[in-house]
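One structure is given below, encoded as structure tokens.
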Amino acid sequence: MSCPTDLPDRRSAGVPGVDYVAGVCCVIRTLNEAEFLGRCLDALEEQRGDIKLELVLVDSGSTDATLEIARRRGIDPLVVRRQPLKEFDYSNALNLGIEAGGGAFVVSLAAHAIPTDRDWLLRLLSHFSDDSVVGVYSRQLPWPDAPWHERSRLARQFSATGARFHKGEGGSAGRFSNAASMIRRSTWESHPFTLPAAEDRDWANRMVDLGFTIVYEAEAAVYHSHDESARNRARRAVNLAVAEDLVLGRKRTLLLCLKQTVGSFTFNVRGILGLRAGPLQKLGYAADALVQAGWYLLE
Numbered sequence: 614m615s616c617p618t619d620l621p622d623r624r625s626a627g628v629p630g631v632d633y634v635a636g637v638c639c640v641i642r643t644l645n646e647a648e649f650l651g652r653c654l655d656a657l658e659e660q661r662g663d664i665k666l667e668l669v670l671v672d673s674g675s676t677d678a679t680l681e682i683a684r685r686r687g688i689d690p691l692v693v694r695r696q697p698l699k700e701f702d703y704s705n706a707l708n709l710g711i712e713a714g715g716g717a718f719v720v721s722l723a724a725h726a727i728p729t730d731r732d733w734l735l736r737l738l739s740h741f742s743d744d745s746v747v748g749v750y751s752r753q754l755p756w757p758d759a760p761w762h763e764r765s766r767l768a769r770q771f772s773a774t775g776a777r778f779h780k781g782e783g784g785s786a787g788r789f790s791n792a793a794s795m796i797r798r799s800t801w802e803s804h805p806f807t808l809p810a811a812e813d814r815d816w817a818n819r820m821v822d823l824g825f826t827i828v829y830e831a832e833a834a835v836y837h838s839h840d841e842s843a844r845n846r847a848r849r850a851v852n853l854a855v856a857e858d859l860v861l862g863r864k865r866t867l868l869l870c871l872k873q874t875v876g877s878f879t880f881n882v883r884g885i886l887g888l889r890a891g892p893l894q895k896l897g898y899a900a901d902a903l904v905q906a907g908w909y910l911l912e
């Protein structure tokens, strides 16, 4: 699929602020996403506004039918790595995908993040009529079978109310997430992603510090949640902590790891105690949280 730099006028279907849409490139990240990729592509094809997308698929070494599905849909996947998963670099993958495409705006989308309606793209695009806006991110909703900790996390991080983040608000850009976001290409060209993990929040915070605006669009939602093992959750948490160490110039010590482990376990237990569940179920959740804490130290 090709995407010209400038498209004809596109009228939105009930979404204000979108009268003209420049080229849009969608970078989809995959790793063994055969279960979801077709649904993700269908949701993109069904978006309103007659928007023509350039799709760039950045695959990280899938061994299932992901690449076959992509090629059947006319997408030539860009394979970015053949190294251990632990060495995966989000910034490297995204930057390569963005470089491979065109368009004035770039969507970053995890293959298992599925837009909930047909106006998702238009709602993101509507904010870029403001020249100060360089990034917009989506609300994330849990799948119906998501575990308690994912439901709790997403409810805490992605509220039903949108927000705008500017300089002078503590340097925070909210919970900007490249699982489902849109950025202005011209800004990325001057300020690409840099961290191996947590690259999205780091980038958004840097943009706010530079005087740009980041938007959380709660009406543009995707279904996106994980059902991971305790070990994989711990690995994800460690990757985020290491990224924070890089930003802060902080040395990762055993004492710091112990402090983070205790803090995370305590936070999880408090959440479990507040759940509407029976004692045995809560005990099982707490045991799982303890296993996650152990893996955090080992990772």
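As numbered in the numbering used here, residues 614 to 912 make up the sequence shown, in order.
Backbone N, C-alpha and C fix where the C-beta goes; we use that ideal spot for every residue, glycine too.
For clarity, every value in this text was computed on a predicted model and none was experimentally measured.
Does DSSP classify residue i as helix, strand or coil?
i	result
Thr676	coil
Gly748	strand
Val875	helix
Glu667	strand
Val821	helix
Ile827	strand
Gln753	strand
Leu578	Outside the shown range of the chain, which is 614 to 912, sits residue 578, and nothing can be said about it.
Gln696	Low confidence applies to Gln696: its pLDDT is 45, below 50, so where it sits in the model is not reliable enough to give any reading.
Leu738	helix
State buried or exposed for residue i, treating a residue as buried only when at least 16 other CB atoms are found within 10 Å of its CB.
i	result
Glu681	exposed
Thr618	Since pLDDT at Thr618 reaches only 29, below the 50 mark, its modelled position is unreliable, and no value is offered.
Gly897	exposed
Tyr633	Note that Tyr633 scores a pLDDT of 48, beneath 50, so its modelled location is shaky; the value from the coordinates is reported in the next line. Tyr633 should be labelled exposed.
Phe880	exposed
Ala790	One point to set straight first is that residue 790 is Ser, not Ala, in the sequence displayed. It is buried - the Cβ of Ser790 has at least 16 other Cβ atoms within 10 Å.
Thr826	buried
Distance, Cα to Cα, residue i vs residue j?
i	j	result
Leu607	Thr676	Outside the modelled stretch of the chain, which goes from 614 to 912, sits residue 607, for which no answer is possible.
Ala724	Glu646	6 angstroms
Gly891	Asp655	40 angstroms
Ile711	Glu802	10 angstroms
Thr800	Val747	7 angstroms
His740	Gln753	18 angstroms
Start and end of the alpha helix (DSSP H) containing residue i?
i	result
Arg844	Ala843 to Leu861
Ala647	Looking at the DSSP string, Ala647 is not in any alpha helix (DSSP H), and its letter there is neither H nor E.
Ser704	Tyr703 to Ala713
Leu722	No alpha helix (DSSP H) holds Leu722; the beta strand (DSSP E) holding it covers Phe718 to Ala723.
Asp901	Pro892 to Leu911
Could you tell me how far apart the beta carbons of residue i and residue j are, in whole angstroms, since I believe they sit closer than 8 angstroms?
i	j	result
Ala706	Arg642	6 angstroms
At what residues does the beta strand (DSSP E) containing residue i begin and finish?
i	result
Ala793	Ala793 to Arg797
Arg777	Ala776 to Phe778
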